[in-house]
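Numbering (my numbering), first residue to last: 1 to 255.
Positions of the beta carbon are idealized from the N, C-alpha and C atoms, including for glycine.
Keep in mind the model is a prediction, meaning the values are calculated, not measured.
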Amino acid sequence: MYTYMKRPLIAGNWKMNTSPAEGIALYKTFLEGKKKGGFRQELEWLVLPPFTHLAGLQNLGDIQVGAQNCSHQSKGAFTGEVSVDMLRDLGCRYVLVGHSERRQYFKEEEEELTGKVALLLESNCIPIFCIGETWEEREKGSTETVLERQIQEVFGHFKAISSEVVFAYEPVWAIGTGKTASVEQAQAAHAFIRQVWTRFVGENKAQSTRILYGGSMKPDNAEGLLSQKDIDGGLIGGAALDAEAFLNIARQFPK
Ligand code: PEP
1 MYTYMKRPLI
11 AGNWKMNTSP
21 AEGIALYKTF
31 LEGKKKGGFR
41 QELEWLVLPP
51 FTHLAGLQNL
61 GDIQVGAQNC
71 SHQSKGAFTG
81 EVSVDMLRDL
91 GCRYVLVGHS
101 ERRQYFKEEE
111 EELTGKVALL
121 LESNCIPIFC
131 IGETWEEREK
141 GSTETVLERQ
151 IQEVFGHFKA
161 ISSEVVFAYE
171 PVWAIGTGKT
181 ASVEQAQAAH
191 AFIRQVWTRF
201 VGENKAQSTR
211 ILYGGSMKPD
221 NAEGLLSQKD
231 IDGGLIGGAA
241 LDAEAFLNIA
251 RQFPK
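Given below as structure tokens:
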């Protein structure tokens, strides 16, 4: 049963940046900034630091801490992997799955992504499932085909999806490039994702599913994106390492 309300979500993906000590300092700067106010009250805050930072950031403040990845195996002889249970023990409720950098550099595909989502849902964790087209795919007019395939190839394996899933629409051509999707491009993609998701969870749940935009979001382009009907928050990479920029993006959520 869905028991959450649709709160806007801001999530900062730190990728492989900062030392553990720098991560604590950055987190504390966010806490200080957050105390000053000026943010939409129900805004949900999340940072996604490297695994090595998770223990040190636990219980430091009211900004949630999640993970950038997890293993698709539950435990055992998988050297170098980190399991969903380990992450849960460290207080992670949200875990990114299928970020385009993982798809591109680590060749993560259907089987691994499905395994990760299955373990997260079983453990009452919330996958932030990333999807998005490359520039070539957009130019060919296949954005919708790609988005639909990325959803279907993973969620098509589940009989019923009763726990929360968050989507992140991240056009690959906009990640870390300084190019952002226009508000029209982003809104159209988000509306399409919601329409596809309706087939999996029905109208009510699809309407209350959060779909984040990610791809070079910055203080000066966030307001237009975040005011779109189907954009329920942001997944922020580069700008999430700059406390002032991250806080200024958080200030752009419509009141
Ligand atoms: C990301 O990596 O999820 C991301 C959105 O990066 P950036 O904001 O740097 O484009």
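Under 8 Å by Cβ, that's how I've got residue i and residue j pegged, so tell me the actual separation to the nearest angstrom.
i	j	result
I63	V47	6 Å
Y94	I126	5 Å
T177	N221	Going by Cβ atoms, the distance from T177 to N221 rounds to 13 Å, so no, they are not a contact pair.
T316	V65	The chain is shown only over 1 to 255; residue 316 falls outside these bounds and no answer can be derived.
P50	M16	6 Å
V201	I151	Actually they do not touch by this definition, with Cβ atoms about 11 Å apart.
G56	G91	At roughly 12 Å, the Cβ-Cβ gap does not stay under 8 Å, so G56 and G91 are not in contact.
H53	P20	5 Å
A206	T198	4 Å
L281	G61	Nothing can be reported for residue 281: it is not among the residues displayed for the chain, which extend from 1 to 255.
Cutting at 7 Å between CB atoms, please list the residues of its own chain near residue i, excluding the five before and the five after it.
i	result
G33	A243, L247
E137	T143, V146
Y4	Because the pLDDT of Y4 is 46, which lies under 50, any placement of that residue in the model is unreliable, and the question is left without a value.
R210	K6, L9, V166, D232, G233
K229	Q187
G183	The question names Gly, but residue 183 is Val in the sequence shown. Cβ within range, chain order: G224, L225, Q228.
E112	H72
N204	none
R40	P8, F253, K255
V82	F51, C70, S71
Note down, in chain order, each residue of its chain lying with its Cβ closer than 8 Å to the Cβ of residue i, except the 5 sequence neighbours on either side.
i	result
N13	L48, Q68, L96, H99, G214, L235, I236, G237, A240
Among the residues of its own chain, which have a CB less than 6 Å from the CB of residue i, if the five just before and after it don't count?
i	result
L121	S163
M254	According to the sequence displayed, residue 254 carries Pro and not Met. Result list for P254: S227, in chain order.
Q252	A222, E223, L226
M1	Unreliable placement is indicated for M1, whose pLDDT of 42 sits below 50; the coordinate value is still reported in the next sentence. Correct list: empty, nothing qualifies.
E148	V196
W135	W173
A189	Y169
Measuring only from the beta carbon, is residue i closer than 7 Å to any heavy atom that is part of the ligand MG?
i	result
S216	As for the ligand MG, it is missing from this structure, which binds only the ligand PEP.
(request) Please list the segments of the beta strand (DSSP E) lying wholly inside the region 14 to 56, counting only runs of 3 or more residues, in order along the chain. (result) Taking only runs of at least 3 residues, the beta strand (DSSP E) segments lying wholly in the region 14 to 56 are 44 to 48.
(request) Write down every uninterrupted run of the alpha helix (DSSP H) in the region 188 to 252 whose length is 4 residues or greater and which is fully enclosed by it, in chain order. (result) Every alpha helix (DSSP H) stretch that sits fully inside the region 188 to 252 and reaches 4 residues is listed by chain position as 219 to 226, 243 to 250.
(message) Quick check for students: name the residue ranges of the beta strand (DSSP E) that lie wholly in the region 120 to 174, counting only runs of 3 or more.
(response) Listed in chain order, they are 126 to 131, 166 to 169.
(request) List in chain order: all unbroken beta strand (DSSP E) runs of 3+ residues lying wholly within the region 80 to 107. (result) Qualifying beta strand (DSSP E) stretches, in chain order: 94 to 97.
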